[in-house]
Amino acid sequence: MREQIENPDYKLNVLIELGKILVHEHRLDNVLMNMADFAREILSADRCSIFIHDAKRNELWTKIAHGVDEIRIPADKGIAGYAALSKDIQIVVDAYNDFRFNPEIDRVTGYFTKTVLAVPLLNSQDETIGVFQALNKKSGLFTNMDAELLLLISNNTSYALENALLYEKLRDTQTKIVDKLSSAAEFKDNETSAHTKRVGLYSALLAEGYGMRKRDIEIIKLASPMHDAGKIGISDDILKKPSKLDIQEFEDMKKHSLIGYELLYDDDSEILKAAAIIAKDHHEKYNGSGYPYGLESDEISIHGRIVAITDVFDALTSKRPYKEAWEFDKAIDFIKSNRGTHFDPILVDLFLRDIIKVKNIYNELKD
Ligand SMILES: [Fe+2]
Ligand SMILES: [Fe+2]
50 MREQIENPDY
60 KLNVLIELGK
70 ILVHEHRLDN
80 VLMNMADFAR
90 EILSADRCSI
100 FIHDAKRNEL
110 WTKIAHGVDE
120 IRIPADKGIA
130 GYAALSKDIQ
140 IVVDAYNDFR
150 FNPEIDRVTG
160 YFTKTVLAVP
170 LLNSQDETIG
180 VFQALNKKSG
190 LFTNMDAELL
200 LLISNNTSYA
210 LENALLYEKL
220 RDTQTKIVDK
230 LSSAAEFKDN
240 ETSAHTKRVG
250 LYSALLAEGY
260 GMRKRDIEII
270 KLASPMHDAG
280 KIGISDDILK
290 KPSKLDIQEF
300 EDMKKHSLIG
310 YELLYDDDSE
320 ILKAAAIIAK
330 DHHEKYNGSG
340 YPYGLESDEI
350 SIHGRIVAIT
360 DVFDALTSKR
370 PYKEAWEFDK
380 AIDFIKSNRG
390 THFDPILVDL
400 FLRDIIKVKN
410 IYNELKD
């Protein structure tokens with residue numbers, strides 16, 4: 050690597066090496082860790098850290114750091130703070146005799162900083178999103194050439210970081226929209242938001258017990274609260290009727306499952322796709338006596354079979370205008386006695402196996 054740097058084409062070589070890292074790795078933490086390792090090697094530094102700027106708290110925190118855990122520092126203090134604030138490269142040749150240096154971090158980490166090279170990470174709007182810092186060059190001082198190299202690496206780091214931060218924001222927004230969509234159906238139906246939240250948690254628990262992947266567990270947790278979104282399309286006369294529904298009214302009520310499916314289905318969103326399938330399948334029964342299609346056993350999606358249990362269990366243990374809340378044990382007995390008829394027997398067994406965790410959710414999120 051050093052030979053490549055001393056070659057006149059060193060910048061090109063560095064870019065090629067960086068390209069190799071980025072091509073093979075897509076997870077942000079790994080990309081950043083590889084960048085930090087790469088910078089440490091190419092600069093012959095002892096340590097490198099990548100700080101992220103937390104605008105809300107006006108702090109810099111170490112997303113990646115060799116040899117230390119997360120550190121948080123005020124965004125306008127220390128060498129990294131200077132780089133963030135000035136949006137300019139900072140080279141320090143003797144830390145303890147430099148006015149920019151903040152010895153507090155060494156005191157906390159037990160490290161002894163001698164030389165520092167810090168480069169701001171800027172987004173496409175030229176705002177500081179972080180700082181890339183190298184500490185203690187193994188021999189001699191950080192040079193202008195080192196600064197140029199770190200700048201080159203940092204430009205690529207900024208790009209990866211900005212994309213990841215935007216993606217995170219998008220995920221946040223998506224979660225909020227999903228929550229609001231769930232509450233829209235609750236308004237119509239007199240159900241509480243605690244009901245939909247608990248259904249989400251019970252469903253995630255069952256999905257985990259069933260051995261689903263982490264990402265799929267997260268999806269079912271977000272999607273299952275929308276199981277009754279289709280009630281938006283059912284008239285208030287039926288939804289708010291205090292007495293039992295007649296046959297025609299019940300037929301109309303059943304339509305909420307397919308209305309929900311139509312309303313929620315979106316090919317581009319995993320969460321909405323799962324929510325649509327749950328809306329369609331959550332009233333199907335394992336023995337084929339449910340609706341809308343009378344599907345049986347594994348013709349019913351696993352999502353639908355899970356929410357069939359969690360929705361009924363939570364409805365039983367909740368107070369509704371027309372009924373009192375059932376005791377925990379009585380509701381569990383109901384689930385048990387419908388094992389293999391209404392509910393998937395394997396999922397019932399998993400639900401009972403995790404009964405302590407079920408009870409924790411029940412106690413923590415009581416109406
Ligand atoms: Fe429903
Ligand atoms: Fe429900």
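If you read the sequence shown in our numbering, its first letter stands for residue 50, the second for the next number, and so on. A virtual CB, placed ideally from N, CA and C, is assigned to each residue, including glycine. Quick caveat, the model's predicted, so the values are computed rather than measured.
Among the options, which has the Cα closest to the Cα of residue i?
i, options, result
"Leu201", "Ala124, Leu170, Glu176", "Leu170"
"Glu311", "Ile296, Phe299, Asp330", "Asp330"
"Ile122", "Phe377, Tyr131, Lys105, Trp110", "Trp110"
"Trp375", "Asp416, His391, Phe400", "Asp416"
"Gly249", "Leu71, Asn62, Leu414, Ile70", "Leu414"
"Leu230", "His276, Leu190, Ala209", "His276"
"Pro21", "Gly127, Lys304, Gly309, Lys263", "Because the chain is modelled from 50 through 416, residue 21 falls outside the range shown and cannot be assessed."
"His332", "Leu313, Ser306, Lys408", "Ser306"
"Lys322", "Met302, His352, Val180, Pro394", "His352"
"Val356", "Ala104, Ala132, Ile268", "Ile268"
"Asp347", "Tyr340, Tyr335, Val141, Pro341", "Tyr335"
"Arg354", "Phe392, Ala272, Lys186, Thr222", "Phe392"
"Pro274", "Arg388, Phe400, Ser242, Gly337", "Ser242"
"Val157", "Val165, Ile120, Phe150, Ile308", "Ile120"
"Ile178", "Tyr208, Ala328, His115, Glu197", "Tyr208"
"Ile140", "Arg76, Glu66, Lys186", "Lys186"
"Gly159", "Arg106, Ser203, Asp118", "Asp118"
"Ala272", "Gln223, Leu294, Ile308", "Gln223"
"Leu396", "Tyr371, Leu190, Met261", "Met261"
"Ser338", "Thr390, Ile308, Asp195", "Thr390"
"Val168", "Phe161, Asp137, Thr245, Asp155", "Asp137"
"Leu64", "Cys97, Leu190, Leu365, Ser203", "Ser203"
Can you give the Cα-Cα distance for residue i and residue j, rounded to whole angstroms?
i, j, result
"Asn83", "Phe148", "31 Å"
"Asn146", "Asp125", "19 Å"
"Phe100", "Asp398", "47 Å"
"Ile113", "Gly343", "53 Å"
"Ile405", "Asn412", "10 Å"
"Ala253", "Val407", "11 Å"
"Asn79", "Gly68", "14 Å"
"Gln182", "Asp175", "19 Å"
"Asp95", "Ile326", "53 Å"
"Asn205", "Ala104", "21 Å"
"Lys163", "Val142", "7 Å"
"Leu166", "Ser173", "23 Å"
"Ile410", "Lys379", "17 Å"
"Gly116", "Leu92", "17 Å"
"Asp301", "Lys270", "28 Å"
"Arg264", "Ile296", "41 Å"
"Glu298", "Asp285", "11 Å"
"Val180", "Phe87", "16 Å"
"Arg402", "Glu373", "27 Å"
"Ser367", "Lys218", "34 Å"
"Arg220", "Thr192", "41 Å"
"Arg388", "Arg76", "42 Å"
"Pro394", "Ser350", "14 Å"
"Leu199", "Phe150", "20 Å"
"Tyr371", "Leu294", "12 Å"
"Arg85", "Pro341", "The question names Arg, but residue 85 is Ala in the sequence shown. Answer to the nearest angstrom: the Cα atoms are 55 Å apart."
"Tyr251", "Ile70", "40 Å"
"Phe377", "Lys304", "30 Å"
Compute the minimum distance between the beta carbon of residue i and the heavy atoms of ligand 2, and state whether it is under 6 Å.
i, result
"Asp228", "no"
"Asp416", "no"
"Asp360", "yes"
Does the distance between the C-beta of residue i and the nearest non-hydrogen atom of ligand 1 fall short of 6 Å?
i, result
"Asp382", "no"
"Asp301", "no"
"Asp277", "yes"
Can you tell me which residues form a DSSP beta bridge with residue i?
i, result
"Arg121", "Trp110"
"Arg369", "Lys372"
"Phe236", "Looking at the DSSP assignment, Phe236 forms no beta bridge with any residue, so it has no partner."
"Lys186", "Ala94"
"Arg388", "Phe392"
"Ile101", "Trp110, Gly179"
"Val141", "Val165"
"Leu170", "Gly179"
**OP:** Would you check if the stretch 202-213 and the stretch 232-251 touch, i.e. whether three or more CB-CB distances between them fall below 8 Å?
**Re:** They do not touch, by the three-pair rule.
Original post:
Do the stretch 283-295 and the stretch 317-325 touch if we need at least three Cβ pairs shorter than 8 Å?
Top reply: Counting C-beta pairs closer than 8 Å gives fewer than three between the stretch 283-295 and the stretch 317-325, which falls short of the contact rule.
Original post:
Using 8 Å as the Cβ pair cut-off and three pairs as the minimum, do the stretch 376-390 and the stretch 348-363 touch?
Top reply: Yes, the stretch 376-390 is in contact with the stretch 348-363.
**OP:** Answer yes if the stretch 245-257 comes into contact with the stretch 279-286, meaning at least three C-beta pairs across the two stretches below 8 Å, and no otherwise.
**Re:** Short answer: they don't touch.
Original post:
Pairing CB atoms from the stretch 127-144 with CB atoms from the stretch 214-228, are three or more of them under 8 Å?
Top reply: Note that the stretch 127-144 does not touch the stretch 214-228; fewer than 3 beta-carbon pairs, one per stretch, sit closer than 8 Å.
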